[in-house]
Amino acid sequence: LDTLFPVPTHPPSTLSPQRLPGSNLDSLAALQHVLKDNHNRSHIFFNRTRFHNHVTHRALATYALGGSASLIKDYYEQDTKNQRPSLKSPEPITQENFFEHLGDENFYQGYVTFFSKQMHEERASGTLEELIFSEKWNFQEGRDTTDQPSMPFRFMDGVLHPMIHVGYEAEFGLKEMLAE
26 LDTLFPVPTH PPSTLSPQRL PGSNLDSLAA LQHVLKDNHN RSHIFFNRTR
76 FHNHVTHRAL ATYALGGSAS LIKDYYEQDT KNQRPSLKSP EPITQENFFE
126 HLGDENFYQG YVTFFSKQMH EERASGTLEE LIFSEKWNFQ EGRDTTDQPS
176 MPFRFMDGVL HPMIHVGYEA EFGLKEMLAE
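If you want our numbering, it's the position in the sequence shown, counting the first as 1, plus 25.
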């Protein structure tokens, strides 16, 4: 998990939001614990209505705003009470079965693993370009137009929730945020 959630990088440019003073090694350790534990324990949806898990968002924002380790831990304790447990995917997601289980939340962990592998083989931008925006991954020969993968629509789904993860990947250099 250390390679999935390394030490967050500095903001990519001076135009990016800057970290406020206050974060230290203890708050960094607390942040990494929250990111890893949430990744292992929690589903991306915290309820059956498909409301999204925001645990990592709050932890990263608290850290960036100079929050202490105890504050990060306290918020996490509070947040985990409402999270659904992560489910083991019924089967791994591969390039061969990628389209078969789109939208099936039981395969969430399988898709996270698939996207994680893709990002370790390619850069995050290459993964996005190929799996979200390329014609190959959006228009399948022989499929009805109402049954196409429509990856850009999925990417914008959930009140732009995936865009929040992309932003955190770019700001903190955490590829796993993009995979989730």
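Yeah, the Cβ is synthetic: ideal placement off N, Cα and C, and Gly gets one too. Predicted, not measured: the structure shown is a model, and the values here were computed from it.
Legend entry - Beta-carbon proximity check, Met188 vs Phe180, cutoff 9 Å: yes
Inset, instruction - Give the DSSP bridge partners of Phe70, in chain order. - result: His77
Inset, instruction - Look at the Cβ atom of Glu196, then the Cβ atom of Pro42, and state whether they are nearer than 9 Å. - result: yes
Inset, instruction - Keeping to the same chain, check which residues put their C-beta closer than 8 Å to that of Pro36; ignore five residues upstream and five downstream. - result: Pro42, Gln43, Arg44 and Glu196
Legend entry - Per-residue burial, Lys207 [other beta carbons within 10 Å of its own, 16 or more giving buried]: In this structure the chain extends from 26 to 205, so residue 207 is not present and cannot be described.
Legend entry - Runs of alpha helix (DSSP H) lying entirely within the stretch 90-129, each at least 4 residues, in chain order: For the stretch 90-129, whole alpha helix (DSSP H) runs of length 4 or above, ordered along the chain, are 94-105.
Legend entry - Alpha-carbon to alpha-carbon, Lys113 and Ser95: 31 Å
Inset, instruction - Return the first residue and the last residue of the alpha helix (DSSP H) that Thr273 is part of. - result: Look at the range of the chain in this structure, 26 to 205, and you will see that residue 273 is not part of it.
Inset, instruction - Figure out for me which residue from Thr39, Asn49 and Lys106 has the closest Cα to the Cα of His68. - result: Lys106
Legend entry - Top-ranked residue by Cα proximity to Ala89, from Ser52, Met144, Asp129 and Asp182: Ser52
Inset, instruction - Name the two residues that bound the continuous alpha helix (DSSP H) containing Pro177. - result: Met176 to Phe180
Inset, instruction - Can you have a look at Val59 and say buried or exposed, based on whether 16 or more other CB atoms are within 10 angstroms of its CB? - result: buried
Inset, instruction - Give the secondary structure of Pro46 by DSSP, where H, G and I count as helix, E and B as strand, and everything else as coil. - result: strand
Inset, instruction - Specify the secondary structure class of Leu153 as computed by DSSP and reduced to three states. - result: helix
Legend entry - Where Ser52 falls: helix, strand or coil (DSSP): helix
Inset, instruction - Would you identify the three-state DSSP class for Leu85, choosing helix, strand or coil? - result: helix
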